[in-house]
Amino acid sequence: MAQPVMTGQGGTWLCAMDEIASVLEGAVLDGLAARSRLARRLERQAQAEGLRVFCNGFEDATLARLLAEAGIDAAKPVVLTTGGALHLTTGPEEHAIVRFDGIPDAPVAAIHLIASFPSNVESNFYLEVTGREDATLRFANGSVTLVNNASVARMDTEPAALFSLLLTGQGAYLFVNGVLTKRYHSEGGQASALVLRLVGHESADLSALVHGLGIWVGSRVRSGLDDALTSRATAYFDDLIAAGDLAAVHSWLRSFDTEVPPGAISRLVELAEAQFQGGGGVPDWLMNELARNLPPEHRERLRSAWEDRMPPPSVEVEDLAVRFYRQPNRRLAFSHLVLRKPLDAFLVLRDVAFRAYPGDIVGVIGANGAGKSTLLRAISGLIPISAGRITVRGRHLLLSPGLGIRNELSGKDNIFLACCFMGLTLSDTRELYDEIVDFSELTESIDQPFKYYSDGMKSRLIFSIATAVAPEILMLDELLNAGDIRFQKKATERMDGLLERTKVVVVVTHSIPFVLEKCTKAVLINNGRQLAYGDPEEVVSRYLEELHLDKEVGMGGETDNVATMQQIAQQSFLPSGGFS
Amino acid sequence: MNQLITYIVTPSGVQQTARNLQGSWQALRSELSKIHYIVQTELRVKIYDKTLGLFFLLLEPILMATVYYVLTMVLLGSGTSKATFFNIYVAVVFWRWFNRTIDNAPGLFSGYGSVLKQTNYPVYSIVMSHIALEFTNVCFALVVLVPFLSAFHYLPNYAYLALPIVMLSQFCLMLPIALSLATAGAFVKDLQGVVYAVVGIWFYLSPGIYPVDRIPERYLWIYNLNPFAHILPAYRTIMLRGEFPDLLPLAVIALISLALAVGASRLLARARYHFFSYL
Chain G
437 MAQPVMTGQG GTWLCAMDEI ASVLEGAVLD GLAARSRLAR RLERQAQAEG
487 LRVFCNGFED ATLARLLAEA GIDAAKPVVL TTGGALHLTT GPEEHAIVRF
537 DGIPDAPVAA IHLIASFPSN VESNFYLEVT GREDATLRFA NGSVTLVNNA
587 SVARMDTEPA ALFSLLLTGQ GAYLFVNGVL TKRYHSEGGQ ASALVLRLVG
637 HESADLSALV HGLGIWVGSR VRSGLDDALT SRATAYFDDL IAAGDLAAVH
687 SWLRSFDTEV PPGAISRLVE LAEAQFQGGG GVPDWLMNEL ARNLPPEHRE
737 RLRSAWEDRM PPPSVEVEDL AVRFYRQPNR RLAFSHLVLR KPLDAFLVLR
787 DVAFRAYPGD IVGVIGANGA GKSTLLRAIS GLIPISAGRI TVRGRHLLLS
837 PGLGIRNELS GKDNIFLACC FMGLTLSDTR ELYDEIVDFS ELTESIDQPF
887 KYYSDGMKSR LIFSIATAVA PEILMLDELL NAGDIRFQKK ATERMDGLLE
937 RTKVVVVVTH SIPFVLEKCT KAVLINNGRQ LAYGDPEEVV SRYLEELHLD
987 KEVGMGGETD NVATMQQIAQ QSFLPSGGFS
Chain C
47 MNQLITYIVT PSGVQQTARN LQGSWQALRS ELSKIHYIVQ TELRVKIYDK
97 TLGLFFLLLE PILMATVYYV LTMVLLGSGT SKATFFNIYV AVVFWRWFNR
147 TIDNAPGLFS GYGSVLKQTN YPVYSIVMSH IALEFTNVCF ALVVLVPFLS
197 AFHYLPNYAY LALPIVMLSQ FCLMLPIALS LATAGAFVKD LQGVVYAVVG
247 IWFYLSPGIY PVDRIPERYL WIYNLNPFAH ILPAYRTIML RGEFPDLLPL
297 AVIALISLAL AVGASRLLAR ARYHFFSYL
């Protein structure tokens, strides 16, 4: 992960972290010796800042010893490894929680965590600080996210790394292996407990390793930290603008929760005006985000220049709302028409607005029943909308599994029929016929009635038909996982080819890797409302937040599948009577 | 067809920018070829691939005519004659075209529910496919009827030139009815049962199993408001008497029906937008 090393000016904390960064470069943190040396440096750093130790779980496997004394049952989801690390594991519907209670109310806290994720952890490992919601971190295979502003840092989390969280009255600061990575401004608060949480996944076993944990608390840090960061930010910002990387500028602004340095505003506006000459989608969300960080007079200039240069959007959704009746047939019933009994209606979608430009691949994500498929159907004009406006410029097609298939017809007839329904002419279908049959690997069975096909054969044929067409605007409704495992590689390559041939793609999917790797922008729908639109990483982060909110485990309950330890406070090194 | 098409979806419905003339013509040709293909597959599914399919299709009119003949002429004692039987047979062939087209109209869009809920496949093509299918069936019936009539000395003659005109008039009559019932049937699921009953009554109010001259003169003016009071006798005039029928009432029927069809089309276009919740 490329981030600048914050050296020099202002604040011993920064200097100390710089030292740690240089020490940790190339170091392996799994071993006791390395952790011990690190622990001593962290102790010195904390003392220099006037912080007192609450828990030092680095030295000589202290953490492991503490937890062993707490009587951890090997059958529970949290166990000790022979190396002294905490190994959190979960199966479906399980949660693993390690809680450190009793942190004295502290306006300043420094939390250092050594963790690694050599196995699958999805995006399900959380570090939370009670009293400081601005400090919640989410760990995944490949990233760490500051949850509060959905700011994602991409990194390899398989090897052990040091994650340092400094909480002050100005906000939260995240360092990874000593390098400042994220900052979030907030009013601060009192940290009173720390929670490590691994949220179970419905279809996978997850695991995380905690090699060491240290918590230091105090009343203040030395002054100058924010000033040092600001001056460094200005210099780095200039480099980014000179490089012409607008996405990196945006990433920096989000990572450090800062405004555009005054001296760089004009150059940023000029850079933005020169962007997006064609192809590869149009990140209008990026422009809106940048505009938010500018003073009003520059904001309007940027917006009008932007509007002039942008091509017309291929799909434009404005303030969309869709209302359904729970029993639509009753609208024509005697009780409603004559007796005027009211009908029960509900909003399936509301406040949805986004744009897709030529070159865009838009991922629509959300939980089941959120309204994603309804959104695609509304864009296609297949369902009535209650408010708003949708403009579609170009031939569009909504693909979903099983389109128009007739069981009694042969595979060949179904190919022609399905293509008819999708808007192709018969001559177009004849040209595509051989390719469809070859791809589906059904050459010998193509004349048999569809009802005699196996499930695998059916899904191969349906997928092959659906992906043979490349309209200008393609909408896919969860078509990405068709076919059996052996067919998947071919299907993936075919999807890639389809995406390249199409001008605009709007895809409803549950595949987070697809959204992160392929999509130029994303939309999050939850309970019919648009919660996020824009950067795929940010939208996915917010999606995971919503997902895991449903899996919150109340403390004291569900003890059969949750390992909870609240004994660390009693075992801490803090003098009795609390912090002084 | 490279013309950019723009769709605008609002709470009022879907508007589409107009195609140019060439684009419209190409679209029409494409739809006609698709309708042709759909009719072929439907024939294959419903008739050719069934054991008794074709056999039943060809002989069913004869069987129906025989039933009506026995009922009215033998059991009810109106007297038997070859002419009466063929009067009924000819009427039944063309009435079956009408009642099969109309009886199945209300359930038409439900049968294509998955297609209509996932694509913008033109609803008119679905209706036209249905009408074309039933027209094909009546052509099969004619393939049996004409030789059958010939065997009993009712030979084809120059009056057969008027047969397409009468059939066109009947087609125009069926068009607005089929469009309206198909539209209504998407919303009212039990409409099909009502249609069965109404069409059945309509048959008995039409000169199918009896001649028009059985109607008392003072009721004729009402009776003649029924289009089939002119259409069915026209078929008999051509095929059994070898004469040209009076084309004026048929032209009036066609013109009025076409005007109604325009209205029914507009109704369908507006209703299509609301199909999703009902299909």
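Note that the protein sequences, when read in sequence, are chains G and C.
Residues in the first sequence are numbered from 437 upward in steps of one, following the working numbering.
Residues in the second sequence are numbered from 47 upward in steps of one, following the working numbering.
For every residue, glycine included, the Cβ atom is placed at its ideal position computed from N, Cα and C.
None of the values given here were measured: they were computed from a predicted structure.
Per-residue contacts from residue i into chain C (C-beta, under 7 Å)
| i | result |
| --- | --- |
| Tyr761/G | Ser323 |
| Asp849/G | Thr87 |
| Met858/G | Thr165 |
| Ala823/G | Pro57 |
| Pro764/G | Ser323, Tyr324 |
Interface residues of chain G facing residue i [CB-CB closer than 8 Å]
| i | result |
| --- | --- |
| His320/C | Pro820 |
| Leu50/C | Arg829, Gly830 |
| Val60/C | Gly817 |
| Ile84/C | Leu853, Cys856 |
Residue-level contact to chain C via CB, residue i, 9 Å cutoff
| i | result |
| --- | --- |
| Val828/G | yes |
| Gly992/G | The pLDDT assigned to Gly992/G is 35, lower than 50, so where the model puts this residue is not dependable, and the model offers no usable value. |
| Tyr969/G | no |
| Leu450/G | no |
| Ser667/G | no |
| Thr938/G | no |
| Ala546/G | no |
| Phe852/G | yes |
| Glu844/G | yes |
| Ser895/G | no |
| Val989/G | Low confidence applies here, because Val989/G scores a pLDDT of 42, under 50, leaving its location unreliable; read the following figure in that light. Answer no: the Cβ-Cβ gap between Val989/G and chain C never drops below 9 Å. |
| Ile456/G | no |
Min CB distance residue i to chain G below 9 Å
| i | result |
| --- | --- |
| Val55/C | yes |
| Tyr200/C | no |
| Leu313/C | no |
| Tyr204/C | no |
| Ser156/C | no |
| Ile177/C | no |
| Gly309/C | no |
| Leu162/C | yes |
| Ser79/C | yes |
| Val241/C | no |
| Ser76/C | yes |
Beta-ladder partner(s) of residue i, from DSSP
| i | result |
| --- | --- |
| Leu195/C | Looking at the DSSP assignment, Leu195/C forms no beta bridge with any residue, so it has no partner. |
| Leu738/G | Beta-bridge pairing links Leu738/G to no other residue. |
| Ala551/G | Ala597/G, Val646/G |
| Trp827/G | The sequence given here places Thr at residue 827/G; Trp does not occur at that position. Answer is Glu752/G, Ile54/C. |
| Asp913/G | Val944/G |
| Cys491/G | Ile651/G |
| Tyr969/G | Val959/G |
| Tyr324/C | BP columns for Tyr324/C are empty, so no partner. |
| Ile801/G | Leu960/G |
| Pro885/G | Ser846/G |
| Phe634/G | The sequence as given places Leu at residue 634/G; Phe does not occur at that position. Answer by DSSP bridge pairing, in chain order: Ala532/G, Phe561/G. |
Supposed contact pair residue j and residue i - C-beta distance, whole angstroms, cut 8 Å
| i | j | result |
| --- | --- | --- |
| Gly933/G | Glu725/G | That belief does not hold up - the Cβ atoms of Gly933/G and Glu725/G are roughly 32 Å apart, past 8 Å. |
| Ala197/C | Pro107/C | Actually they are not in contact, since the Cβ atoms of Ala197/C and Pro107/C sit about 15 Å apart, beyond 8 Å. |
| Pro202/C | Val190/C | With a Cβ gap of about 14 Å, Pro202/C and Val190/C do not count as contacting. |
Interface residues of chain C facing residue i [CB-CB closer than 8 Å]
| i | result |
| --- | --- |
| Gly964/G | By Cβ distance, chain C contributes nothing, its closest Cβ being about 16 Å from Gly964/G, past 8 Å. |
Partner residues on chain C for residue i, Cβ-Cβ distance less than 9 Å
| i | result |
| --- | --- |
| Gly840/G | Tyr158, Ser160, Val161, Gln164, Thr165, Tyr167 |
| Leu834/G | Gln164, Thr165, Asn166 |
For the region 685 to 707 of chain G, list every residue whose C-beta sits within 8 Å of some C-beta in chain C, in sequence order. none
Using a beta-carbon distance cut-off of less than 9 Å, what residues from the region 789 to 814 of chain G approach chain C? Arg813, Ala814
With 7 Å as the limit, tell me which residues of the region 861 to 880 of chain G have their beta carbon closer than that to any beta carbon of chain C; keep them in chain order. Thr861, Leu862
Using a beta-carbon distance cut-off of less than 7 Å, what residues from the region 91 to 105 of chain C approach chain G? Val91
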